[in-house]
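Take the sequence shown: its letter number 116 is residue 116 in our numbering, and every next letter is one higher. The structure appears right after this line, and notes come after that.
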Amino acid sequence: MGHENITEFILLGLSRDEDAEVACFVLFSLCYIAILSGNLLILLTIRGSRLREQPMYFFLSCLSFMDVCFTSTVAPKLITDSLAQRKTISYNSCMAQMFYAHFFGATEIFILVAMAYDRYAAICRPLRYTAIMSTRVCYALVVASILAAFIHSILHVLVITVLPFCGPNQIDHYFCDVFPLLKLACTDTSLLVIAIIATTGMLSILTFVALVISYIIVLSTLRTRSSEGRRKALSTCGSHVTVVFMFFLPLIFTYAPMADSVSNDKVFALFYTMIAPMFNPLIYTLRNTDMKNAMRRVWCRHRLFEGK
Numbered sequence: 001m002g003h004e005n006i007t008e009f010i011l012l013g014l015s016r017d018e019d020a021e022v023a024c025f026v027l028f029s030l031c032y033i034a035i036l037s038g039n040l041l042i043l044l045t046i047r048g049s050r051l052r053e054q055p056m057y058f059f060l061s062c063l064s065f066m067d068v069c070f071t072s073t074v075a076p077k078l079i080t081d082s083l084a085q086r087k088t089i090s091y092n093s094c095m096a097q098m099f100y101a102h103f104f105g106a107t108e109i110f111i112l113v114a115m116a117y118d119r120y121a122a123i124c125r126p127l128r129y130t131a132i133m134s135t136r137v138c139y140a141l142v143v144a145s146i147l148a149a150f151i152h153s154i155l156h157v158l159v160i161t162v163l164p165f166c167g168p169n170q171i172d173h174y175f176c177d178v179f180p181l182l183k184l185a186c187t188d189t190s191l192l193v194i195a196i197i198a199t200t201g202m203l204s205i206l207t208f209v210a211l212v213i214s215y216i217i218v219l220s221t222l223r224t225r226s227s228e229g230r231r232k233a234l235s236t237c238g239s240h241v242t243v244v245f246m247f248f249l250p251l252i253f254t255y256a257p258m259a260d261s262v263s264n265d266k267v268f269a270l271f272y273t274m275i276a277p278m279f280n281p282l283i284y285t286l287r288n289t290d291m292k293n294a295m296r297r298v299w300c301r302h303r304l305f306e307g308k
């Protein structure tokens, strides 16, 4: 282990301007509250309605849970640091933050893939849908997503822990991520940068392309459907496609070769750590008739019981 000289890192955050930092504190506090309440609303609605029996909503509840976990690895520290004079994080906390951010983020990616597979099975193989997407298959896909994300995250952490850090210890970011840490190592990391771009960057691009192709196949199948069936399928697929674009494009710009500027990395990272998780509940509820109906049933029923 080569970090004996470095026991903590200093996060430079989003801005050096005090007024901007106060604005960030207010803005990101509101974003975090919106993320927690929006995703909690989805989780409770699915759990309290018949939707939980459908594979699509099982995956959606998993995605909402991962959104909360993913944002919670970054947002509380970002919010408290906005008002702190000196933004420090211990070496061990930094490694833990990087592990959990990659773990929950990668799990989300794999769950989005499972959701695309579910939509493909529902629309292109309707007669065999219940057999293809059985409860066992759904659980197996989520467990596989978690295991794959764990391997991905632990490899990133192992890469960083073997590197020597001897100073400076200032991370030009608002959370611990692999590229800003590689820049601080007291050794040549150019091969590691290429390796991470080749794995994480290419994984993001290939997954994104595969998802887009799968949705093109699904949407092309819809031409033969009735207008009502087409409208319902388009509303659910439209939600998925919007979320995929919001999550993947900033991710690709961060981990693909064209992203060389750290300041741009911070902006792109804000999209997939704060902005996308905040809009996901809105996208999945406002564009989804089943979800809106389930919300009315679950929450109006609670209000009726309270009124008695």
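Even glycine gets a Cβ: it sits at the ideal position worked out from N, Cα and C.
Closest to A84 by C-alpha separation, out of D19, A121, F99, Y139, would be which residue? Locating residue 84 in the sequence shown gives position 84, where the first residue counts as 1. Of the listed residues, the one whose Cα sits closest to A84 is D19.
Report back the beta-carbon spacing between I171 and R86 to the nearest angstrom; my notes put them in contact at under 8 angstroms. Taking the sequence shown and counting its residues from 1, the one referred to as residue 171 is at position 171. Taking the sequence shown and counting its residues from 1, the one referred to as residue 86 is at position 86. Not a contact, Cβ separation roughly 13 angstroms.
Does the distance from the C-beta atom of A200 to that of Y255 stay below 8 angstroms? Counted from its first residue, the sequence shown places residue 200 at position 200. Counted from its first residue, the sequence shown places residue 255 at position 255. The question names Ala, but residue 200 is Thr in the sequence shown. Yes, the Cβ-Cβ distance between T200 and Y255 is below 8 angstroms.
Below 8 angstroms, can you find three or more Cβ-Cβ pairs linking the stretch 146-155 to the stretch 102-116? yes
Length of the line joining the Cα atoms of S239 and N39: Taking the first residue of the sequence shown as position 1, residue 239 is located at position 239. Taking the first residue of the sequence shown as position 1, residue 39 is located at position 39. Their backbone Cα atoms lie some 15 angstroms apart in a straight line.
With DSSP run on the structure shown, which of helix, strand or coil describes P55? Taking the first residue of the sequence shown as position 1, residue 55 is located at position 55. Helix at P55.
Using three-state DSSP, classify P164 as helix, strand or coil. Residue 164 sits at position 164 when you count from the first residue of the sequence shown. P164: strand per DSSP, three-state reduction.
Below 7 angstroms CB to CB, which residues in the same chain sit around L192 once its five sequence neighbours on both sides are set aside? In the sequence shown, the residue the question calls residue 192 occupies position 192. Closer than 7 angstroms at Cβ, skipping near neighbours: V159, L182.
Would you list the one or two residues that DSSP bridges to F9? Start at 1 with the first residue of the sequence shown, and residue 9 comes out as number 9. Answer is I89.
What are the start and end residues of the alpha helix (DSSP H) that includes N169? Here residue 169 is taken as the residue at index 169 of the sequence shown, counted from 1. Here N169 belongs to no alpha helix (DSSP H), and DSSP marks it neither H nor E.
Grab me the residues of S153's own chain with a C-beta within less than 6 angstroms of its C-beta, minus the 5 sequence neighbours each way, in chain order. For the purposes of this step, residue 153 is identified with residue 153 of the sequence shown, where counting begins at 1. Cβ within range, chain order: F99, H102, F103.
Considering only C-alpha positions, which residue in the set Y129, L163, V157, V212 is nearest to F247? Locating residue 247 in the sequence shown gives position 247, counting from the first residue. The option with the nearest alpha carbon to F247 is V212.
Starting from L41 and walking both ways along the alpha helix (DSSP H), at which residues does that stretch end? What you label residue 41 is simply residue 41 of the sequence shown in a count that begins at 1. Taken as a continuous stretch (DSSP letters only), the alpha helix (DSSP H) holding L41 covers 18-47.
Between S49 and the rest of its own chain, which residues show a CB-CB distance below 7 angstroms, the 5 nearest in sequence each way excluded? Your numbering for residue 49 matches position 49 in the sequence shown. For S49, where only same-chain residues beyond five positions count, the Cβ hits under 7 angstroms are A294, R297, V298.
Output the distance between the C-alpha atoms of A96 and H156, rounded to the nearest integer angstrom. Residue numbering aside, residue 96 sits at position 96 when the sequence shown is read from its first letter. Residue numbering aside, residue 156 sits at position 156 when the sequence shown is read from its first letter. Straight-line Cα distance between these residues: approximately 11 angstroms.
Taking the alpha helix (DSSP H) that S15 falls in, what are its first and last residues? The residue given as residue 15 occupies position 15 in the sequence shown. It is not in any alpha helix (DSSP H) - S15 carries neither H nor E in the DSSP assignment.
Does the distance from the C-beta atom of M278 to that of I35 stay below 8 angstroms? Residue 278 sits at position 278 when you count from the first residue of the sequence shown. Residue 35 sits at position 35 when you count from the first residue of the sequence shown. Closer than 8 angstroms, so yes.
Which residues in the same chain have their Cβ closer than 7 angstroms to the Cβ of Y284, if we skip the five residues on either side of it in sequence? The residue labelled residue 284 in the question sits at position 284 within the sequence shown. Once the five neighbours on either side are set aside, the close Cβ partners of Y284 are I42, L60, S239, M291.
Could you tell me whether the Cβ of S214 comes closer than 8 angstroms to any Cβ of chain B? Here there is only one protein chain, and chain B is not present.
Mapping DSSP to helix, strand and coil, what is C62? Counting from one through the sequence shown, the residue named residue 62 turns up at place 62. Helix.
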